[in-house]
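Read the structure below first, then the notes.
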Amino acid sequence: MGPAERAAWLRAEIERHNRLYYVLDQPEISDSSWDALFRELVELEAAHPDLRSPDSPTARVGAPPREGFPSHRHLAPMLSLDNAFGEAELRAFDERIVRGLGRGGPIAYYAELKFDGLSISLTYEDGILVRATTRGDGETGEVVTENARTVRDIPLKLLEPLPGTVEVRGEILLFKSVFEALNAERTARGEQVFANPRNASAGAMRQLDSRITASRRLNFCAYGLGAGPRLAETQGETMKALARLGFAIRSEGQVLDGGDALVAWAEKIERRRAELPFGIDGIVFKVDRFEDQDQLGSTARGPRWAIAYKFPAEQAFTRLLHISTHVGRTGVVTPVAELEPVFVGGVTVSRATLHNYEDLRRKDVREGDIVVVQRAGDVIPEVIGPVLEKREGSLMPPVEPTVCPECGTPLQRQEGMVALKCPNRACPAQVSAKLIHFASRSAMDIEGLGEKQIVRLLELGYLTDLPSIYRLRARREDLVQLDRMGEQSVENLLAAIEVSKSRPLNRLLFGLGIRFVGDRTAGDLAREFRTLEGFRRAHYDALLAVPDIGPRTASEIESWLEDEENQSLIDQLLDAGVAPVEAEAPSGDLFAGKTIVFTGKLEHITREGAEAMVIKWGGKAAGSVSKATSLVVAGPGAGSKLAKAESLGIEVIDEATFLAMLPDGEAESLR
Ligand code: IVH
Numbered sequence: 092m093g094p095a096e097r098a099a100w101l102r103a104e105i106e107r108h109n110r111l112y113y114v115l116d117q118p119e120i121s122d123s124s125w126d127a128l129f130r131e132l133v134e135l136e137a138a139h140p141d142l143r144s145p146d147s148p149t150a151r152v153g154a155p156p157r158e159g160f161p162s163h164r165h166l167a168p169m170l171s172l173d174n175a176f177g178e179a180e181l182r183a184f185d186e187r188i189v190r191g192l193g194r195g196g197p198i199a200y201y202a203e204l205k206f207d208g209l210s211i212s213l214t215y216e217d218g219i220l221v222r223a224t225t226r227g228d229g230e231t232g233e234v235v236t237e238n239a240r241t242v243r244d245i246p247l248k249l250l251e252p253l254p255g256t257v258e259v260r261g262e263i264l265l266f267k268s269v270f271e272a273l274n275a276e277r278t279a280r281g282e283q284v285f286a287n288p289r290n291a292s293a294g295a296m297r298q299l300d301s302r303i304t305a306s307r308r309l310n311f312c313a314y315g316l317g318a319g320p321r322l323a324e325t326q327g328e329t330m331k332a333l334a335r336l337g338f339a340i341r342s343e344g345q346v347l348d349g350g351d352a353l354v355a356w357a358e359k360i361e362r363r364r365a366e367l368p369f370g371i372d373g374i375v376f377k378v379d380r381f382e383d384q385d386q387l388g389s390t391a392r393g394p395r396w397a398i399a400y401k402f403p404a405e406q407a408f409t410r411l412l413h414i415s416t417h418v419g420r421t422g423v424v425t426p427v428a429e430l431e432p433v434f435v436g437g438v439t440v441s442r443a444t445l446h447n448y449e450d451l452r453r454k455d456v457r458e459g460d461i462v463v464v465q466r467a468g469d470v471i472p473e474v475i476g477p478v479l480e481k482r483e484g485s486l487m488p489p490v491e492p493t494v495c496p497e498c499g500t501p502l503q504r505q506e507g508m509v510a511l512k513c514p515n516r517a518c519p520a521q522v523s524a525k526l527i528h529f530a531s532r533s534a535m536d537i538e539g540l541g542e543k544q545i546v547r548l549l550e551l552g553y554l555t556d557l558p559s560i561y562r563l564r565a566r567r568e569d570l571v572q573l574d575r576m577g578e579q580s581v582e583n584l585l586a587a588i589e590v591s592k593s594r595p596l597n598r599l600l601f602g603l604g605i606r607f608v609g610d611r612t613a614g615d616l617a618r619e620f621r622t623l624e625g626f627r628r629a630h631y632d633a634l635l636a637v638p639d640i641g642p643r644t645a646s647e648i649e650s651w652l653e654d655e656e657n658q659s660l661i662d663q664l665l666d667a668g669v670a671p672v673e674a675e676a677p678s679g680d681l682f683a684g685k686t687i688v689f690t691g692k693l694e695h696i697t698r699e700g701a702e703a704m705v706i707k708w709g710g711k712a713a714g715s716v717s718k719a720t721s722l723v724v725a726g727p728g729a730g731s732k733l734a735k736a737e738s739l740g741i742e743v744i745d746e747a748t749f750l751a752m753l754p755d756g757e758a759e760s761l762r
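Numbered by the numbering used here, the letters in the sequence shown go through residues 92 to 762 in order.
Structure follows, in C-alpha cells:
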C-alpha cells in the first residue's frame, strides 16, 4: 500500500472510530489504539504535505490563530422561531395551523428538543464539509469552518454520496458533564468559570485559535436543512436521512397528532429535562409534512409552521442582599446568599448556596451585587457569580468569619481542605442539625421527632446530644406538660424512640452523620462490617477495601473513629440500649452477587425504592458503572452511564423488565 492509500485508509478508519465513539456511543477500540492510528496519520501527512486534505481527521485538532472571521451570506436565511409559553399558547398555535391548512385536524407535528447552544449552518459540497457559518443576523454569519472541524461528531465527509450543495443546520452544544469538567479544570487553574454551557460553547466557536475550540470538546446536534435538495417528504424522515449521513440526532423526535398530544409531550419532556445529558430550553414543534409547511409559509421573523415551546429559565439575575453564615451538622461553615426574591426554574428563590469562602473569593461575589442564580431540576439553588458590569459604587469584598456565628468558637481550616469548620461539638447549630439528621426518615426514622420538636426540646434542655434522645423517657412527666403534647403524643413519641433502637446497622451508621457517609456508603459499611463493634474498630486499609469507598471517605471515617468523643458516643448509645440489627438481611438471593446501577428517569417507582429492593433481595446498588457492574436499569434521558455500560458490554434493561424480575407482589409495593 502506498502512502496515499495508507492515508486514505487511516482517515476512513479514524473517522469510523470517531463516529462509533462520538455519535453512536459504541467504541470498538481502546483510546491508545485510536491514538496510534491518529499518530500514524499525522506523521504520514507531515512527511507528504501533498496528502493533506480538509476532510482529514487531523484537521480536528485545530490550527494556529487567524486574524478574524470572514462573513458569509447563508444560501437560505437562518430564521428564528416564535415562542409559546404555557399550554394555552401551545393550543393557540395548533389552532392557527388547523385554520391555516383549512382541511380540519388533527395535524401531524414533529416534536424535537430545543437545544440550548449556538446555531450553525454546515455547507457540504459533494459530501465534503467546506464551510461552517454562525447564524449571525440570520442573513449573514461568520465563517468558523476550522472551529467546526474540531467538533468530533460533525462529519467531515458524509457517509452516503450526496452530489451538489447542501446546508445542514443544527446547534453546537456542550454536554453537562463536559461543562462541569471544564469548569473544574478552570477552577484548578484559578480561572473564571463559565456561567453556563451555552456561553461556554458560543465562546468556544468564536475562538480565533481553533486549538482552543478543540480543547472544549463540543458536540453538534442537527435539526434540519437549509439550502439544497430535500432529502425526504417530512421533517421526521429528514432526521432519519441526516442520521444516515452521519449526524448525531439527539432529539427524542416524535410524530404527534393534534394539540392535546403537544401539551402532553411538553409536560413529559419538561419532567425529564434535568436528566438529559445536555441543556435544552424548550421543545420545537414542527408541522411534519413539507407540503403543509410550504402552504403555511413564513413571516419575516420565522416560519408559521413551527413554534418554540419555552421552559422556565434555569438562570436569572437578582440582587444579593446579604451573605449569611450557615453552620451544618459536621460543623462545616458555609456562606449563604440572601437574595431579592427571583423566579427561576419555576419557583421563587430567596436563598441560595455560595458553596464555600474560597469559591466566593474566586468568583468575587460581594453584598449588593447583581448575581446570576441557577436552579436546575431538583438541585439546590446556587449563585453562579456576579454580573461585574452591573456593580455600582464601591462594594466591599465579604469578610470570611473567624469565629462561629452560633457559638463564638474560633473557626478552623483543615490542611488541604477548603471547608471552614467550627470545632465545638457542643455548638447549638451542630447539635440541632445532628439530632434532626439522626431522627430523620432515612436514618433512625423517629416519628414525632421532627425539626420543630427537636428545636423546642433543645431550648428546654431536654435534649443535649444524640444519646439524650434515649433519656427522654425519664422526662415523661415534663413532656406531658408541654404545649400541644398530651399523654397520647408523648406515648407515641416514646414508643417511636424505643422502636428506633433496633433499626438496621446501615441506618444507624448513616444517622451518625459522619462526613461523606451518605445512605449508600452507610449500606456498604454495614454489609462489610456487619456489626457496630466491627465497624468501630475499622482502620484505613479495611475501610478502603470496601467496594465504592475511596481514600477521601476512608480517611474521613478513620479520623471520626479515632476521635475519643465519637467512641464515647457509640458507648453511650449502646448503654442506652441501641442495638442495631445486623445490616438489613436480604429476603432472598434473587440479586445475590449482582451490582445494579439505575440511571435516567424511572417512571413508576423511585430510585430509592428500587435500590432498596435490590438490597432486600441480596444485591448491591451502585451509583456508577464499572467493570464490576452486573446490570444497568436505564430509563429515558439516560446518558453517560448508559453509554459506559454499552461500551463495557454490560446488560441494560428498562424499568418494566426490572419490575418483571421481582418476586410476586414486590413490584406493586414499589409503585
Ligand atoms: S428549527 C426555521 N429546531 O432555536 C426553523 N431550531 O429560536 C429554524 N434551535 O436559531 C430553527 N433547537 O438555533 C430548530 N430542534 C430545533 C432547535 C432549534 C434549537 C434554535 C435554533 C434557532 C433558535 C430559534
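All residues carry an ideal CB built from backbone N, CA and C; glycine is no exception.
Is the beta carbon of residue i sitting closer than 8 Å to the one on residue j?
i      : j      : result
Glu473 : Thr444 : yes
Leu253 : Tyr314 : no
Leu220 : Asp300 : no
Arg307 : Arg243 : no
Ala291 : Leu265 : yes
Gly337 : Leu411 : no
Leu204 : Ile371 : yes
Leu452 : Met487 : Per the sequence presented here, residue 452 reads as Arg, with Leu not at that position. It is not a contact, given that the beta carbons lie outside the stated cut-off.
Leu128 : Ile105 : yes
Pro450 : Tyr200 : Checking the displayed sequence, the identity of residue 450 turns out to be Asp instead of Pro. Against a cut-off of 8 Å, the Cβ pair of Tyr200 and Asp450 comes out as no contact.
Pro595 : Ala617 : yes
Ile263 : Leu309 : yes
Arg277 : Val269 : no
In chain order, what residues of the same chain lie with their CB nearer than 6 Å to the CB of residue i, ignoring the 5 residues before and after it?
i      : result
Thr500 : Cys513, Asn515
Pro168 : Gly229, Glu230
Ala332 : Leu322, Ala323
Gly726 : Gly691, Lys692, Leu693, Glu746
Val435 : Ala407, Val464, Arg466
Val257 : Tyr215, Gly319
Ile398 : Asp173, Ala175, Phe184, Phe376
Arg564 : Leu585
If we ignore side chains and look at the alpha-carbon of each, how far apart do residue i and residue j end up?
i      : j      : result
His139 : Val133 : 10 Å
Arg107 : Ala98  : 14 Å
Pro394 : Glu233 : 23 Å
Val723 : Trp396 : 40 Å
Val688 : Arg102 : 37 Å
Glu539 : Leu753 : The sequence shown places Gly at residue 539, rather than the Glu named in the question. Computed Cα separation, rounded: 33 Å.
Gly728 : Glu568 : 55 Å
Glu491 : Arg611 : 34 Å
Ala467 : Trp356 : 20 Å
Asp574 : Gly552 : 16 Å
Ala719 : Ala223 : 43 Å
Gly227 : Ala293 : 12 Å
Thr225 : Gly208 : 11 Å
Cys498 : Val354 : 53 Å
Phe529 : Thr644 : 20 Å
Pro432 : Pro477 : 16 Å
Arg240 : Ala154 : 10 Å
Phe626 : Ala636 : 13 Å
Ala275 : Gly709 : 37 Å
Ile188 : Glu328 : 21 Å
Below 8 Å CB to CB, which residues in the same chain sit around residue i once its five sequence neighbours on both sides are set aside?
i      : result
Arg260 : Met169, Ser210, Ile211, Ser212, Leu213, Ala313, Tyr314, Gly315, Leu316, Gly317
Asn447 : Thr425, Pro426, Val509, Ala510, Leu511
Ala668 : For the record, residue 668 in the displayed sequence is Gly; it is not Ala. Cβ within range, chain order: Tyr561, Lys592.
Please work out which residues of its chain come closer than 7 Å, Cβ to Cβ, to residue i, disregarding the five sequence neighbours upstream and downstream, and give them in chain order.
i      : result
Gly422 : Lys512, Cys513, Pro514, Cys518, Gln521
Ile120 : His108
Trp651 : Ile605, Asn657
Ser523 : Ile545, Val546, Leu549
If you measure from the CB of residue i, is any heavy atom of the ligand MN nearer than 7 Å?
i      : result
Phe402 : Ligands in the displayed structure: the ligand IVH; the ligand MN is not one of them.
**Item:** Residue ranges of each beta strand (DSSP E) within the region 344 to 379, 3 or longer
**Value:** 345 to 348, 371 to 378
**Asked** Can you give, in chain order, each stretch of the alpha helix (DSSP H) that sits fully within the region 586 to 633 and has at least 4 residues?
**Response** 596 to 602, 610 to 620, 623 to 627
**Every unbroken alpha helix (DSSP H) inside the region 280 to 333 [4 residues or more]** = 288 to 296, 301 to 306
**Message:** Suppose only complete runs of 3+ residues qualify. What are the beta strand (DSSP E) ranges in the region 140 to 227, listed by chain order?
**Reply:** 162 to 164, 199 to 206, 209 to 216, 219 to 225
**Request:** Can you check the region 477 to 552 for any alpha helix (DSSP H) of at least 4 residues that lies completely inside it and give the ranges in chain order?
**Result:** 519 to 530, 542 to 550
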